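Sequential numbering of the sequence shown, starting at 65, is according to our numbering. Here a beta-carbon is modelled for each residue, glycine too, at the ideal position from N, C-alpha and C. Since we're looking at a predicted model, the values are computed, not measured. Some notes on the structure that comes next.
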Amino acid sequence: MSKKIYSDLGIEPIINAIGSVTLLGGSTQPPEVIDAMQSAQDMYVPMDELEEKAGNYLAELFGAEACYITSGAGSALTLTTAAFMAGDNDDLIVQLPDTTGIKDEILIQSRQRYHYERCLTYAGAKLVEFGSKDQVTKD
65 MSKKIYSDLG IEPIINAIGS VTLLGGSTQP PEVIDAMQSA QDMYVPMDEL
115 EEKAGNYLAE LFGAEACYIT SGAGSALTLT TAAFMAGDND DLIVQLPDTT
165 GIKDEILIQS RQRYHYERCL TYAGAKLVEF GSKDQVTKD
């Protein structure tokens, strides 16, 4: 791809010596993914059907019980948290992030705190910290 798209915005591309990280735009796509994107761009499909069938395809491919495609790690954490709290109860699903009457506490070790933990709170969860930055005891 041409660097023009970035130079038009005043951005100089860099060499990625880290790997697939969000800070550098995630990852580049292999040719077969670009081909699939090109094939799909001129058509419309019901998104709920695409979501279900693509998830089923990937679950079978990976030998998993189920698969749900998200836009990234942060959204996966938020959706997983919501699923643990609401389960398949439609009333609770639409109630979130209001957690009135819902078990909403998640234990988090002090030493394991990191910036992605906020994704858990987007679903309404409350983080309960335990231990210290140096240790955790059975007490």
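Here P161 is near G188, since their CB atoms are less than 8 angstroms apart. By the neighbour-count criterion, in which 16 or more other beta carbons inside 10 Å mark a residue as buried, A150 falls on the buried side. According to the DSSP assignment, E115 belongs to the alpha helix (DSSP H) that extends over M111 to F126. When secondary structure is reduced to three states using DSSP, I69 falls in the helix class.
Under the three-state reduction of DSSP output, G151 falls in the coil class, being neither helix nor strand. Here I157 has A150 as same chain residues with Cβ atoms under 6 angstroms from its own Cβ, once five neighbours each way along the sequence are excluded.
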